[in-house]
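*Asks:* Chains as they are written, first to last, in the UniProt record's numbering: chain A, 1 to 171; chain B, 1 to 190. Take a look at the following structure, please.
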Amino acid sequence: MAEEVTIRRFELSDMDAMMAWASDPQVAAFCRWEPYASTGPLLAFLRDTVLPHPWFRAICVSGAVVGAVSVSPTPERCRGELGYVLARAHWGKGVATATVRRALRDVFAELEPEGLRRVEALVDVGNPASQRVAEKAGFRREGELRRHYWHKGRARDMVMYSFLSSDPLPE
Amino acid sequence: MEATATPSTQEEVKPGTAKVTVAEVTLRKFEVSDVDAMMAWASDPQVAAPCRWDAYESTEPLLAFIRDVVLPHPWFRAICLESGRPVGAVSVSPTGDPCRAELGYVLARAHWGRGVATAAVKRTVATVFAEVQRLERVEALVDVANPASQRVLEKAGFTREAVLRKYSAVKGIVRDMVMFSFIDTDPVPE
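What follows is the structure, given as structure tokens:
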């Protein structure tokens, strides 16, 4: 993969780039949200959720915003939950894997002093592409949690992955 | 003090002690008048050791817990034997998803080693799915260092799904936890 992948904080001006994946039903399929039909609600999401979030980053390929990666708080200080989304035009090129590797390095550097020990990712059993991203980024597959997560009308089985602050970061 | 899935119940049968049957263990809602019975386990440091809470030293905070947490809770039950007096507690608590709830249980030390916790958990999974709307999964997290509590769940028909590394902090120490689950289509063992 020749292009350079970087991550940075979001700005309000990133909204149009965000709309590219946020409005895409294929991207939204495994996500908690429905595809956005207009920019109003997306702007509200950017302003009210993304900007104040403890760890939410834009994925950039050669400087253009093509997706998002986040590590969200859970009821436990030691544990954060990874999420990522990528515009369909950039699927299949290793962008998500490179992003997750970079995100792990940055998030532990920033939040391990505040007690973060574990970043976990829950991936639908029916989403092998996303499972491969986690595996190539060095996550350990811990098991399958049956009927764990209510998603778009059904209880789904999820694969649980984790990466600890003490795990070796892949190069 | 929640009922937690990490009591250090010793399920090995002591000589001369018979195991209880599921029929001898009943579950009912708590009342404020149960506070003295509750104090028997809530004040016991050995019971509290693997739990998130510290042993209670007086009944006032325990009364507050009954009033503020137990009575309004969607599914919190007293574990009773023949006398009808509570010897422990079992709870099934909501999570961020309506299909999934978390099991917790605690038992007074005098009743360890007779299969009471196992019977209470069997009774729970036999009834809770019919009582809680949209529930499909009951899960329980047990410290990897608590094999007695893991055996309670295995004997109650739970599936061991994963060891979750550095999953949660109990009394200031981040621990590895075993994740168990029972889903609404699983068979309840006899």
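In this text, a Cβ means the ideal position worked out from N, Cα and C, and glycines have one as well.
List, in order along the chain, the chain B residues whose C-beta lies closer than 9 Å to that of A:E142?
*Replies:* Per Cβ cutoff of 9 Å: E161, A162, V163, L164, R165 and M179.
*Asks:* Are the C-beta atoms of B:A126 and some chain A residue less than 7 Å apart?
*Replies:* Judged by the 7 Å Cβ criterion, B:A126 is not in contact with chain A.
*Asks:* For B:P98, return the contacting residues in chain A, with the cut-off set at a CB-CB distance below 9 Å.
*Replies:* By Cβ distance, chain A contributes W150 and A155.
*Asks:* What did DSSP end up calling B:P45 once you bin it into helix, strand or coil?
*Replies:* In the structure shown, B:P45 sits in a helix (DSSP, three-state: H, G or I).
*Asks:* Please classify B:L27: does DSSP put it in a helix, a strand, or coil?
*Replies:* Of the three classes helix, strand and coil, the one that applies to B:L27 here is strand, per DSSP.
*Asks:* Taking B:R28 and B:A78 to be in contact with their CB atoms under 8 Å, please state how far apart those CB atoms are, rounded to whole angstroms.
*Replies:* Correct: roughly 5 Å between the Cβ atoms.
*Asks:* Report all residues from its chain with a CB closer than 7 Å to the CB of A:R118; omit the five preceding and five following residues, and keep chain order.
*Replies:* Contacts found: C78, R79, S162 and L164.
*Asks:* Terminal residues of the continuous beta strand (DSSP E) containing B:P86?
*Replies:* B:P86 -> beta strand (DSSP E) spans P86 to P94.
*Asks:* Select from the segment 126 to 148 of chain B all residues with a C-beta closer than 9 Å to any C-beta belonging to chain A, and list them in chain order.
*Replies:* Cβ contacts with chain A come from R134, E136, R137 and E139.
*Asks:* Less than 7 Å between the C-beta atoms of B:A156 and B:M179, yes or no?
*Replies:* No. Outside cutoff.
*Asks:* Suppose only complete runs of 3+ residues qualify. What are the beta strand (DSSP E) ranges in the UniProt domain "N-acetyltransferase" (25 to 184) of chain B, listed by chain order?
*Replies:* Taking only runs of at least 3 residues, the beta strand (DSSP E) segments lying wholly in the UniProt domain "N-acetyltransferase" (25 to 184) of chain B are 26 to 29, 76 to 80, 86 to 94, 100 to 107, 137 to 143, 159 to 170 and 173 to 183.
*Asks:* Could you tell me which of B:R67, B:W75, B:G115 and B:L103 sits nearest to B:V87, measuring between CA atoms?
*Replies:* Answer by Cα proximity: B:G115.
*Asks:* Please state if the CB of B:V125 and the CB of B:A101 are separated by a distance shorter than 7 Å.
*Replies:* No, the pair does not count as a contact, with Cβ atoms beyond the cut-off.
*Asks:* Per DSSP, which one or two residues make a beta bridge with A:Y149?
*Replies:* Note: A:Y149 sits in a beta bridge opposite A:R156.
*Asks:* Between which two residues does the alpha helix (DSSP H) carrying A:G40 extend?
*Replies:* Note, A:G40: alpha helix (DSSP H), T39 to F45.
*Asks:* Let me see if you follow: with CB-CB separation under 7 Å, is A:C162 close to chain B or not?
*Replies:* A quick correction: the sequence has Ser, not Cys, at residue 162 of chain A. Judged by the 7 Å Cβ criterion, A:S162 is in contact with chain B.
*Asks:* With distances taken Cα to Cα, identify the nearest neighbour of B:V32 among B:A110, B:A130, B:Q46 and B:P72.
*Replies:* It is B:P72 whose Cα lies nearest to the Cα of B:V32.
*Asks:* Can you have a look at B:K122 and say buried or exposed, based on whether 16 or more other CB atoms are within 10 angstroms of its CB?
*Replies:* Counting Cβ neighbours within 10 Å, B:K122 comes out buried, since at least 16 surround it.
*Asks:* Work out the CA separation of A:L169 and B:V47 for me, nearest whole Å.
*Replies:* Between B:V47 and A:L169, the C-alpha separation is close to 40 Å.
*Asks:* Work out the CA separation of B:W41 and B:V106 for me, nearest whole Å.
*Replies:* Those two C-alpha atoms are separated by around 8 Å.
*Asks:* If you measure between the beta carbons of A:G141 and B:I183, is that distance less than 7 Å?
*Replies:* The sequence given here has Arg at residue 141 of chain A, not Gly. No, Cβ-Cβ distance for A:R141 and B:I183 is not below 7 Å.
*Asks:* Cα separation between B:H111 and A:D167?
*Replies:* Going by the C-alpha atoms only, they are around 42 Å apart.
*Asks:* From this set, B:R165, B:S149 and B:D143, which residue's C-alpha is nearest B:K171's C-alpha?
*Replies:* For B:K171, the nearest C-alpha among the options comes from B:D143.
*Asks:* Count the CB pairs spanning the segment 5 to 13 of chain A and the segment 53 to 68 of chain A that are closer than 8 Å, and state whether there are at least three.
*Replies:* With a cut-off of 8 Å, the segment 53 to 68 of chain A and the segment 5 to 13 of chain A count as touching, because enough Cβ pairs lie within range.
*Asks:* Among the candidates A:A29, A:K152, A:P75 and A:P25, whose CA atom is the shortest distance from the CA of B:S168?
*Replies:* Among A:A29, A:K152, A:P75 and A:P25, the Cα nearest to that of B:S168 belongs to A:P75.
*Asks:* Suppose you measure from the CA of B:E12 to the CA of B:I173; what does that come to, to the nearest Å?
*Replies:* Unreliable positioning characterises B:E12 in this predicted model, as indicated by a pLDDT of 47, which lies under 50. A coordinate reading is not provided.
*Asks:* Closest to A:Q131 by CA distance: which of A:M158, A:P54, A:E110 and A:W150 is it?
*Replies:* The candidate whose alpha carbon is nearest that of A:Q131 is A:M158.
*Asks:* Could you list which residues in chain B have their beta carbon closer than 8 Å to that of A:C31, in chain order?
*Replies:* Simply none; closest approach about 15 Å.
*Asks:* Report back the beta-carbon spacing between B:C99 and A:A155 to the nearest angstrom; my notes put them in contact at under 8 Å.
*Replies:* Yes, they are in contact, since the Cβ atoms of B:C99 and A:A155 sit about 4 Å apart, within 8 Å.
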